[in-house]
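Numbering (full-length UniProt numbering), first residue to last: 1 to 1050.
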């Protein structure tokens, strides 16, 4: 990727800056110069923002990069052009920002991006405007993200000089972040955790085995033997003894099972005998019960005979019931007929006077017919005048409508004229408010600018507050870490003294052991003498080599903890100092900015509160101004609407005046026609309505007479027909009544004679006898069922009694007490045997279950022991705790990455130093220690020796750091697969060089340019401005603005 052009509009301190990198391509290197804070690094921020929507280092977001002096009319944007693989690319980004909206006021404009691709001839071949699509396309094109771009293109030279001489732990922290090796640390920690878990699992397994061993059940002799130590000294012996005891118990269980079978058979025989005796006893009881039931049934025989006679009587009555029902029905029918005859006779007497009255009315109506004929003639005459009167009414209606229209037009004309005057007055008032628009827009711009200033000040104040909080926390951490260092030092001293003491005892014990093993003539390993008249004798308590090893490990661990605590303390102290320096700088900057907004007199602890109050006040002012400007937008629309309204009202007034003149003329013509028609009509009727009323009255008289005559005639005919039908119905009903009376008498005599003959009763009692039986017919089924059930029950009892007598022939009632006692004794014996067998079986089962767990646990313990040993060895190797190497896996991987960096750096360093120096990774004994392995040496060809990088001079250190920085970029590019970037920016790092070192550094950078990379130095050192002719000069104008100029020669 080769940069072509960078354009910054209202970005940081730049109002408009255009940087043409093609003008700098021919120079070996160029200088980006300017005062501190003028905006040199902002140029690289612009490149990073255009490509990745992030500033370099991600310390500032894109929104905050908008120029403080930008107005709502100005667009903040960055345009970056570059070439890659013979194609030209242009990226234009705009952050989220406030901008003037159409009609006044401001609105928030969202972030946007535009990526355009051109071919070799400059023709556009593609354009992307969606953010995600553009970001993905750039990432796919460059094969790097924002962080990697900053690491490859922008070299913080001072930081690489620190990296060059930093201890291994500091290098490890940086390389871990660059090459993402934290996973190896996590892996090693997981293995360490797994090792602890395996150790705990072994301990838990052993505890479970011992618990099961202690829970084994023993016979009393075996328990005594175990308690006295005669047997069971080991777990294996206890298992063997338990298995033998299990065999003995299983033999005893078999004997008990045989006894249980025998006793169970005897119990079964007794149960069968008891059941037979019980069955015989039940049969004797049933015979006694049946005998009693038969006697009770015999006592009920007379009552059942009475019920049978009643059933027979009710059966006869049920057969004659239809005749009685017919008789009752005939009697009811005759009663109804008599009632109907009385009603019809009464109705006939009422209808005869009504018919006579209707005949008299019809005669009177017929006599009035001549008068009705005269009325009809008058109606016809009046109907001939209806058309003339209707014409008068029509003319009156037209005249009324025309008068109303004239009045309406007059009112509308007056209303339009009044509305026109009111609209003109309102338009004058609206125009007066619109004249204030320019002042309101100016006030809004000033208020928005102050709002942005206050927001930045609030961010800065919150940052200062957060830094104060962080400083307090770090100070507390430093104090706590100092306590930990003191405690770790005390623990190390104690552990080291303990190790020295136990080690000394071990040496003395070894000397004593060796002295006892000296043979005559063998040289003493201490003094060399071949004679040993007085072998050394020691009273020191013997110490094993394992105890010495444990003490040494304890001492080493305490030393490691002490070293770690000291390193962390130094790190916290350095962070605390950095935060203090940053806090002082930010507080000074905040004070300067507060002065710019006239808040310099605010106490530091009240800054945030005062800024919040100012923000609230500014927000309220801005809201009020926005409301006023919104009202102006509405006023402009109202102004246009009012102008249109005036025009429309003028047209309407002219139209209304013309319509009013025509309506008045039409009204005069209609009035003249009405007068002419009215002169030809009679005076007795004023209107057509009056005439119609008279006509309708005459029609009503004639219609009333005709309707009344028709009604009277129709009613008379109907009454005559009703009287005829009623007379016929009375005669028919009287005949039916006579017939029914004869049938009822015959049926009553027949039924009476049958009852007297059947029941042998008197004539007077016959009716009551039949009616009483008839009323009891609903009980017939119940009575018959009771008699039948009684007869069946008698038969069943007699049959069962006969059967029992036959079965109990030659039998006596048994006595079951002896059998009951024998069974109880057998049950008791069986219960005792089963209890003994259950206890023995439970002991066998429990011991067998425990023995299985013990054996399985011992087998698993052996497997887990092997796994724990292998896991421990792997964890020790991963964490650098093995006897073979103290270098952990992550440190080994970092060492490999560093070796690759040094190999790549040697290509640069040999060129930059004319073959004198080359990097060499320290591989001495110290490099294999756990917290080492990343120390860097240099081989000096002039003296033929390897020495530490700490011995390099300032200029040599700069060259070495430059080579290391370039190599790191190359390795990162190779690791991530990103493209070559034909540009390199070195940020500061030159201020600490003397003149000779500065000359060496410039010569080195010119040599690097041979790789066809564009080299830019970002620095404010004045000596560089005198030695580098090609310069990108950032000039600050003193009002927060900066501009860029390109100088190609002195």
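Beta carbons: idealized from backbone N, C-alpha and C, even for Gly.
What do you get for residue i, buried or exposed, if any count of 16 or more other CB atoms within 10 angstroms of its CB means buried?
{"i": "residue 562", "result": "buried"}
{"i": "residue 124", "result": "exposed"}
{"i": "residue 261", "result": "exposed"}
{"i": "residue 9", "result": "buried"}
{"i": "residue 862", "result": "exposed"}
{"i": "residue 777", "result": "exposed"}
{"i": "residue 220", "result": "exposed"}
{"i": "residue 1030", "result": "buried"}
{"i": "residue 826", "result": "buried"}
{"i": "residue 937", "result": "buried"}
Over the uninterrupted alpha helix (DSSP H) stretch that includes residue i, give me the two end residues.
{"i": "residue 132", "result": "131-142"}
{"i": "residue 7", "result": "Here residue 7 belongs to no alpha helix (DSSP H); instead the beta strand (DSSP E) covers 2-11."}
{"i": "residue 646", "result": "607-678"}
{"i": "residue 383", "result": "369-383"}
{"i": "residue 251", "result": "235-299"}
{"i": "residue 1053", "result": "Residue 1053 cannot be examined here, being either before or after the span of the chain that is shown, 1 to 1050."}
{"i": "residue 121", "result": "Segment: none, residue 121 is in no alpha helix (DSSP H) and carries neither H nor E."}
{"i": "residue 391", "result": "386-434"}
{"i": "residue 681", "result": "Segment: none, residue 681 is in no alpha helix (DSSP H) and carries neither H nor E."}
{"i": "residue 1065", "result": "In the structure as shown, the chain starts at 1 and stops at 1050, and residue 1065 therefore has no counterpart that could be examined."}
{"i": "residue 64", "result": "Premise fails: residue 64 is in no alpha helix (DSSP H) and is neither H nor E."}
{"i": "residue 1024", "result": "1022-1027"}
Do residue i and residue j have their CB atoms nearer than 8 Å?
{"i": "residue 454", "j": "residue 897", "result": "no"}
{"i": "residue 293", "j": "residue 804", "result": "no"}
{"i": "residue 960", "j": "residue 904", "result": "no"}
{"i": "residue 95", "j": "residue 62", "result": "yes"}
{"i": "residue 2", "j": "residue 83", "result": "yes"}
{"i": "residue 405", "j": "residue 663", "result": "yes"}
{"i": "residue 1051", "j": "residue 351", "result": "Absent from the structure is residue 1051, since the part of the chain shown begins at 1 and ends at 1050."}
{"i": "residue 895", "j": "residue 909", "result": "no"}
{"i": "residue 975", "j": "residue 201", "result": "no"}
{"i": "residue 33", "j": "residue 1034", "result": "yes"}
{"i": "residue 444", "j": "residue 106", "result": "yes"}
Specify the secondary structure class of residue i as computed by DSSP and reduced to three states.
{"i": "residue 91", "result": "strand"}
{"i": "residue 79", "result": "strand"}
{"i": "residue 116", "result": "strand"}
{"i": "residue 1036", "result": "strand"}
{"i": "residue 585", "result": "helix"}
{"i": "residue 17", "result": "strand"}
{"i": "residue 323", "result": "helix"}
{"i": "residue 1010", "result": "Bear in mind that the predicted position of residue 1010 carries a pLDDT of just 48, short of 50, making it unreliable; the figure below should be weighed with that in mind. Residue 1010 falls in the helix class under three-state DSSP."}
{"i": "residue 102", "result": "coil"}
{"i": "residue 1016", "result": "strand"}
{"i": "residue 73", "result": "coil"}
{"i": "residue 126", "result": "strand"}
{"i": "residue 154", "result": "strand"}
{"i": "residue 452", "result": "helix"}
{"i": "residue 686", "result": "coil"}
{"i": "residue 84", "result": "strand"}
In terms of residues, what are the limits of the beta strand (DSSP E) holding residue i?
{"i": "residue 1042", "result": "1042-1047"}
{"i": "residue 46", "result": "Unbroken run through residue 46 is the alpha helix (DSSP H), 40-52; no beta strand (DSSP E)."}
{"i": "residue 984", "result": "983-987"}
{"i": "residue 815", "result": "First-last for residue 815: undefined, no H or E at that position."}
{"i": "residue 30", "result": "30-33"}
{"i": "residue 109", "result": "106-109"}
Between residue i and chain C, is the shortest Cβ-Cβ distance under 8 Å, so that the two count as touching?
{"i": "residue 617", "result": "The chain inventory of the structure shown lacks chain C, comprising one protein chain alone."}
Ordered list of alpha helix (DSSP H) runs contained in the stretch 868-952, each at least 4 residues: Fully enclosed alpha helix (DSSP H) runs of 4 or longer: 889-912.
Uninterrupted beta strand (DSSP E) stretches inside the stretch 748-782 (no shorter than 3 residues): Listed in chain order, nothing qualifies, since the stretch 748-782 has no complete beta strand (DSSP E) run of 3 or more residues.
Continuous alpha helix (DSSP H) assignments of at least 4 residues falling wholly in the stretch 156-205: Qualifying alpha helix (DSSP H) stretches, in chain order: 157-165 and 168-179.
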